[in-house]
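Number of protein chains: 6
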Amino acid sequence: MTANPTDSMELPRFCGIPTFMRLPQATGTDGLDAAIFGIPSDSGAPYRTGARFGPNAIREMSVMLRPINPYRDMLNVFDHLRVADLGDTPVVPGYLEETFTAIERFASNIADAEVLSCAFGGDHSVSLPHLRAVARARGTVALIHFDAHSDTWDTYFGERRDSAGTPFRRAAEENLVDPSKSIQIGLRGSLFSTTDISQSRALGFEVVDADELLLSSVDALADRIAARVGDAPVFLSFDMDVVDPAFAPGVQTPEVGGPSSFEILRLLRQLKGINLVGCDVVETNPLYDGPGKITALLAATVMAELLALAAHMRR
Amino acid sequence: MTANPTDSMELPRFCGIPTFMRLPQATGTDGLDAAIFGIPSDSGAPYRTGARFGPNAIREMSVMLRPINPYRDMLNVFDHLRVADLGDTPVVPGYLEETFTAIERFASNIADAEVLSCAFGGDHSVSLPHLRAVARARGTVALIHFDAHSDTWDTYFGERRDSAGTPFRRAAEENLVDPSKSIQIGLRGSLFSTTDISQSRALGFEVVDADELLLSSVDALADRIAARVGDAPVFLSFDMDVVDPAFAPGVQTPEVGGPSSFEILRLLRQLKGINLVGCDVVETNPLYDGPGKITALLAATVMAELLALAAHMRR
Amino acid sequence: MTANPTDSMELPRFCGIPTFMRLPQATGTDGLDAAIFGIPSDSGAPYRTGARFGPNAIREMSVMLRPINPYRDMLNVFDHLRVADLGDTPVVPGYLEETFTAIERFASNIADAEVLSCAFGGDHSVSLPHLRAVARARGTVALIHFDAHSDTWDTYFGERRDSAGTPFRRAAEENLVDPSKSIQIGLRGSLFSTTDISQSRALGFEVVDADELLLSSVDALADRIAARVGDAPVFLSFDMDVVDPAFAPGVQTPEVGGPSSFEILRLLRQLKGINLVGCDVVETNPLYDGPGKITALLAATVMAELLALAAHMRR
Amino acid sequence: MTANPTDSMELPRFCGIPTFMRLPQATGTDGLDAAIFGIPSDSGAPYRTGARFGPNAIREMSVMLRPINPYRDMLNVFDHLRVADLGDTPVVPGYLEETFTAIERFASNIADAEVLSCAFGGDHSVSLPHLRAVARARGTVALIHFDAHSDTWDTYFGERRDSAGTPFRRAAEENLVDPSKSIQIGLRGSLFSTTDISQSRALGFEVVDADELLLSSVDALADRIAARVGDAPVFLSFDMDVVDPAFAPGVQTPEVGGPSSFEILRLLRQLKGINLVGCDVVETNPLYDGPGKITALLAATVMAELLALAAHMRR
Amino acid sequence: MTANPTDSMELPRFCGIPTFMRLPQATGTDGLDAAIFGIPSDSGAPYRTGARFGPNAIREMSVMLRPINPYRDMLNVFDHLRVADLGDTPVVPGYLEETFTAIERFASNIADAEVLSCAFGGDHSVSLPHLRAVARARGTVALIHFDAHSDTWDTYFGERRDSAGTPFRRAAEENLVDPSKSIQIGLRGSLFSTTDISQSRALGFEVVDADELLLSSVDALADRIAARVGDAPVFLSFDMDVVDPAFAPGVQTPEVGGPSSFEILRLLRQLKGINLVGCDVVETNPLYDGPGKITALLAATVMAELLALAAHMRR
Amino acid sequence: MTANPTDSMELPRFCGIPTFMRLPQATGTDGLDAAIFGIPSDSGAPYRTGARFGPNAIREMSVMLRPINPYRDMLNVFDHLRVADLGDTPVVPGYLEETFTAIERFASNIADAEVLSCAFGGDHSVSLPHLRAVARARGTVALIHFDAHSDTWDTYFGERRDSAGTPFRRAAEENLVDPSKSIQIGLRGSLFSTTDISQSRALGFEVVDADELLLSSVDALADRIAARVGDAPVFLSFDMDVVDPAFAPGVQTPEVGGPSSFEILRLLRQLKGINLVGCDVVETNPLYDGPGKITALLAATVMAELLALAAHMRR
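Here the protein sequences come in this chain order: A, L, Y, F, Z and H.
Taking my numbering, the leading residue of the first sequence gets 1, the next gets one more, and so forth.
Taking my numbering, the leading residue of the second sequence gets 316, the next gets one more, and so forth.
Taking my numbering, the leading residue of the third sequence gets 631, the next gets one more, and so forth.
Taking my numbering, the leading residue of the fourth sequence gets 946, the next gets one more, and so forth.
Taking my numbering, the leading residue of the fifth sequence gets 1261, the next gets one more, and so forth.
Taking my numbering, the leading residue of the sixth sequence gets 1576, the next gets one more, and so forth.
Shown next, in the form of structure tokens:
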């Protein structure tokens, strides 16, 4: 199977039904090294909703991306990684439990084939069933988590255990992630309780808040992340609200005072030696993006950098 | 308790925290004839979501409305009807069952006090728990249902019985509404199955589709509605998508080819002799409304006409 | 002086700094039959503001209009009427009295030269100083007033006598308009008091409300207007909110349930034998118009029809 | 080949990469009765541009449509017509001639296979190469043309013979359409010259302007169209600006004062006995559509009605 | 009186009529340490208008904020400061003088009770009557003024002494502020005259322009501000245009090339030992904010930081 | 000829038909030192289109700019440089060759008079005919090129030699620019081929990519640019996508991860001793700008800085 994107120097980017980066569509994982798919669920969103339209919004803007990554020695990502767009998982709006079951089943087909599993959200609750599929197939993972919020609350709205605010506590409880090899980056803003951040540390996660992120050297931070995860299989979860809303207005829980897209992308581009087995880019909500659709473009670019990270490992 | 709105000839409409029509806020029903409240749930929405922001969007635009209704003999609605804004029901995003319980409990406080219960949605699924509260307190109701869709499907997304597409089948099954005294108005557009409309008739509802609505005399239609419901207690459910999306772009399931706001308002203004005990105006989604916010303004105006209908009865 | 618009079959409409219908700019009235100008004041707006940007928004969309009017025997408006765009009057934001002085001075230069005075608002308060200039030069005028509101209140916000809600009471008091030859068309919606409409009639205006407008024959209504104004000098004031907000969302006080643009334009196109000496098209607010800018296009079209009405008289 | 759309009662409409009406994608015409494709060219647009994004915007909204058409006896369109989405033709932005060559080549594959050729524009210039392909394969066609403009100018911008304003003069000159069996419906608005409409008649087209359309009986008009085209092979070209911009703000040359979507859809639904061999729905420009995307939804609905017209013939 | 916000972990943030940070509403100052209120006047705006809608737009977004401030030792602001939302001051659109009288009267009720007076604008002219109320009750204040513009012009539009460009010259003239203890931060951009900045210095203000702000150490600058104001009672006036329009597009006089929200928030969070008696956050205009509403969110966050500054002092 | 802008302290900025910075309009170059004009062509745009509306969008926002530049010793630009707005060049949509001819002819009138030629695009293809006019009159120029992309591809879409991606290769081939004295600044993002950047260097251009730009000292970089161009006549071409899309969302090919407007403006303000003979600011597309119109404001500000650079030289 070839997996080269349509050549935008030949056929204009606006021609054709958009897949991620104009990659081929596929219905299975045969011959693939990595699979892109959407998880269009926002039933776990505690405030803004509409992230169900995130995956297609990202696909639409991703046609602007080109295959060569100049930040990793002019790497052609698709020379080293056969990738296809597998469409979206099923979901059941308003029924979180059934939605989680459907997501896990879809993602298991990918993870069980030992194919790199790359998802677009959807709200952050979708990381939990995705992690269930990946961890069952690949073992407990190290988590690199970019977010303005810790998402390690215990319950929400009374005793609800599943929401966009709780996936990583569940993941730790279920042994899907190993907090001692995991790191959360970019936390900031006002808190519900004095323990919102310490609860992550109590679970064992390392936390780098936004102040530390913005005042640190990128090289040192990239090394620190690599040291934290070591050679464990890694799941990288990227919540778009980690960047300042000036750079990503189209998110569900914006938090002002964050890093720029340049600052975050430089960090991603410095990451090396990561054994990536799964990743997601979540919380893109096109209803809150402006006409320039810069949030969707940034989400697509983040995923392209993650593919480049994986391709770089394989070269 | 006085229930006069703030006078916009004295204090500009943009001054102050907006309640419906600048009415007083209240936490209970003491001294009220009618209670306005929001049901900000969109967990039952099968396609677009965001109607959770509907009630406050409608409040914001409702400040443009004035108390005198020239279509009912210069009636001052609030001379005859003491009304307050009771805020919103609780909801639990992503958990429909718990949300329904919370809605029913909130609405029961109103219905049990025999106060006219007036809600803003939210998606159309919220009519079901609202009807449960009203029917338990007031008895089985006649339903006047304005909508582009019948909302009488049995299940959605596999075996899910609750969604914005199913409330009125449930209501008929639970004997909350008496289909033989009920009427659906405005249905149109493409269908999932050949029985989408006949299923309503099979349940006993009278159906007036959009073609018939647009080609009929308003007077005759108003008489027909009044004859259908007779002197039964009436619940009027108004889905904003019944009007053409040119007049209400901010809805969740737009259906082109519908009536104008003039055509629908004239019909509402002709209704007489209706024993209204509950009503809702649902499916307003401000994320899809344009900057002019005309959908929210129309939703507010429809509710004001329903209050005038009730006030007219009491005069 | 020639006054032909730039030919859009030769030079694309988006080329060049936009004037009304791509007409020449002028600084005085020499050689003109009609003068177009903007009155960018919104200091009299009781609710929404931003109509100060109306004139340029209308100029921008007016480049889409073409010189031949097929509704008046393929009349080339500019063969019969030499027209130029005189730019905008000065205004003083936040100081209504000084603003009125500046408007009246500007408009007097036009009216004193017996040039047809054609203004774009701005909020409706600007009609008053404009009428002062026109009536002083041309004598008391008959008023043809399209609007969803009567704008004949006495005061607003306590004892403020000038606002977008009061100009025509002032105009009647000052003998600028002769109510016995004047007519208001399109009034509708909820009212502040039971006398909102009767106050117009008490002043002597004839009133055609929206229901009557929508249910009448256009021919009969055009005749009725012509009969009402007779051969008096006429000022036609067109508030964009007279049409339904589906057709004009970009207004300051939208009122749902109104006529379509077709219905209003047909009426304008049927008008004949009117001795037009001044006119305005007011309350266009581009901040509330959607991306299609249909309100500004309609405002431009209405003005083009008024120019055609004047040109038709002169042919 | 089966051609049933994805069932939206099972899988939510926002799940998956959108094709027209959730139909299967195909790369050729094998086994098809009708082929849907986009022509994303706006290089011929004399004013607004961006219709290159029209086809995908329409696909996105078309997922809201359902397969059963209640206006033609509960017809399931896809029981009688095997349809697939063939993606988009190539285009060369800024090079009209090369673009036309690419379009004609793509459309010829469909027309030569005697498959019903159904395109989304793109600006109206794309109808010309499409007609070349269809007429070469099927013979000179009768044209049913819905539009606010005649599009029969000779040249534009000096001596340019190809633009969105000229395709049907070219088509008549090249004998692609037979004007004596053709009809233009909905023309209105200001004109460049006194012959803008008579030029169509001089070419032999029958013309029904917007006033006549709005004041006529739908049944009589449907019969008149059917009589005009007789049993000739028919190409139906639908410019979205034929409806009022309140119903279709997202177009390139809006013209106020037009019919509603209900009025146009009723006419389409009354058409019978038409031997449709090709059609297009053009000039949808999502950059000017509001957040409700009602123009794209209407464009999709119009195409669904055209498929129903063809399916009805085959039943 | 308790003043705890509604708990967003229990009741979703979109439930209920929004007050600032979901605080209780109050009609007087009894039992309060701080009072939040809106001043919805934009009659002093020399260019863009619409800031009258600022206070409610900020309330709407402020529901996203949580009570614990991690930048001041996990301070729960409301443990130390009893706060309520008092709604809006009256205003008289188009009549600046009367508006100022109404604002001063409203604010005096707060200042006379020695309650911290916290206002949302409105345009910057509203700071003058607010300062009059505060200075009369608390004595001449030190001013900490964040702004891209000095707002110390003498007159505007001829001899108008009141506008959004003049409040701080008036305040100095009236001895409401002591320039020798005051500082202006963030000035930048093109100027009307060569003395636009030196006029501030001539009045006695210290000025830190945007270049100096961006190239300085935050710690040093925070110390410098604290040293400047000493132990005088302080009024902090925050014009949202001080940040770059990428971070605050919804302002009335945007000035490109400014600091990020992170840079400004870090400075506010470093401030210590300030005897705050009044503050405002002005010039938020939701009509120019994008759908993400990031300007309103930033304005709310700035006010939350000012409350934390005051709460920190009291702890 | 005087060339002072309208005084915005006297006449509000929203009064009058907007020209660049409220400068006088002119039809020729008599008495001018610099001429501003628009090139409203987007026929060369390979992806997004609509930059044809860029020049008027920039004019509209440029009224916010004031004449004094504080970054160059309180320079009043118009004391040293007589400037007027010459309107727009003709263009022929869809016909690139004819468009280029029209642009070159228009620009030659300016360049031949040795007047500083300052254009707003339009897409980047328009720099080529502009450079042809300037280089023929002034000799081969040194190019200072700000852009996220190199725009030195050879062909696009098959063998098309003219597009927004190719102008500077053409300019080098035609000896319009001397690459050995030229520099490209800000390149970043994914690439079509491994040689996208080296192709610029192979042509002789110096390249400073975004990483180097963001991590360099502004002073050193300004010196490096000055050294590179020496005393050659300079053309400065500024593609708005060089800044991050958070600061300029309204562009045609956004590229995330770029510099802020502060960072770029500081560099422009540090430039000294440049013999500027022509410049352009291109790729502003208002259809993708948010309601705050910050891209157009930044484009206007960049041009004002370029005028200040030229005025500074002449002082």
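Even glycine gets a Cβ: it sits at the ideal position worked out from N, Cα and C.
This one's a predicted model, so the numbers in the text were calculated from it and none came from an experiment.
- Taking Arg831/Y as reference, the option from Asp853/Y, Asp849/Y, Gly888/Y and Phe798/Y with the minimal CA-CA separation is Phe798/Y.
- Excluding five sequence positions before and after Ser1497/Z, the CB atoms of its chain that fall closer than 6 Å to its own CB belong to Ser1387, His1405 and Asp1540, given in chain order.
- According to the DSSP secondary-structure assignment, Glu1466/Z is paired through a beta bridge with Ile1443/Z.
- Each of Lys923/Y, Val907/Y, Asp919/Y and Leu917/Y was checked against the Cα of Ala941/Y, and the nearest Cα belongs to Val907/Y.
- Here Ser1692/H carries a strand assignment [DSSP, helix/strand/coil].
- Closest in C-alpha terms to Gly572/L, from the list Val1201/F, Ser1205/F and Glu1200/F, comes Ser1205/F.
- Where Pro635/Y is concerned, there is no enclosing alpha helix (DSSP H), because DSSP gives it neither an H nor an E.
- Taken in chain order, the whole beta strand (DSSP E) runs of length 3 or more contained in the stretch 1346–1393 of chain Z are 1376–1381.
- Leu1252/F and Val1179/F have their C-alpha atoms roughly 13 Å apart.
- For Asp1540/Z, the secondary structure class from DSSP, reduced to helix, strand or coil, is strand.
- Between Leu977/F and Arg1027/F the beta-carbon gap is near 5 Å, inside 8 Å, which marks them as a contact.
- Residues Ile383 of the same chain have their beta carbon placed closer than 8 Å to that of Met389/L, with the five preceding and five following residues left out of the count.
- Ile58/A is not a Cβ neighbour of Phe14/A, given a cutoff of 7 Å.
- Under the three-state reduction of DSSP output, Asp1722/H falls in the coil class, being neither helix nor strand.
- For Asp1698/H, the closest of Val1783/H, Phe1595/H and Ser1738/H by C-alpha to C-alpha distance is Ser1738/H.
- In the structure shown, the three-state DSSP call for Arg397/L is coil.
- For Val207/A, same chain residues with a beta-carbon under 7 Å away, outside a window of 5 residues either side, are Gln184, Leu187, Ile197, Ser200 and Arg201 in chain order.
- For Ile924/Y, the uninterrupted alpha helix (DSSP H) segment begins and ends at Ile924 to Arg944.
- With respect to chain L, the C-beta atom of Thr824/Y has a partner C-beta closer than 7 Å.
- Counting only Cβ-Cβ distances below 7 Å, Phe1743/H has no contacts in chain F at all, with the closest Cβ about 18 Å away.
- Ranked by how close their Cα comes to the Cα of Thr568/L, the residues Ser377/L, Leu612/L, Met628/L and Ser505/L have Ser505/L in first place.
- In the three-state reduction of the DSSP assignment, Gln1512/Z falls in the coil class, being assigned neither a helical nor a strand state.
- Within chain H, Pro1665, Val1666, Val1667, Pro1668, Gly1669, Tyr1670 and Glu1673 have C-beta atoms less than 9 Å from the C-beta of Phe1102/F, given in sequence order.
- Residue state for Asn1750/H is assigned as coil, using DSSP reduced to three classes.
- For Gly290/A, none of the residues of chain F pass the 9 Å Cβ criterion, the least Cβ distance being about 11 Å.
- Those residues of the stretch 350–371 of chain L placed with their C-beta closer than 8 Å to a C-beta in chain F are Pro361 and Tyr362, ordered along the chain.
- Arg945/Y is classed as exposed because its beta carbon has fewer than 16 other beta carbons within 10 Å across all chains shown.
- In this structure, the alpha-carbon of Ile1048/F lies about 21 Å from that of Val1196/F.
- Thr1287/Z is classed as exposed because its beta carbon has fewer than 16 other beta carbons within 10 Å across all chains shown.
- Restricting attention to Gly38/A, Gly204/A, Arg161/A and Glu159/A, the CA atom closest to the CA of Asp178/A is found in Gly204/A.
- For Leu1796/H, the closest alpha carbon among the candidates Leu1843/H, Pro1861/H, Ala1712/H and Glu1734/H is that of Leu1843/H.
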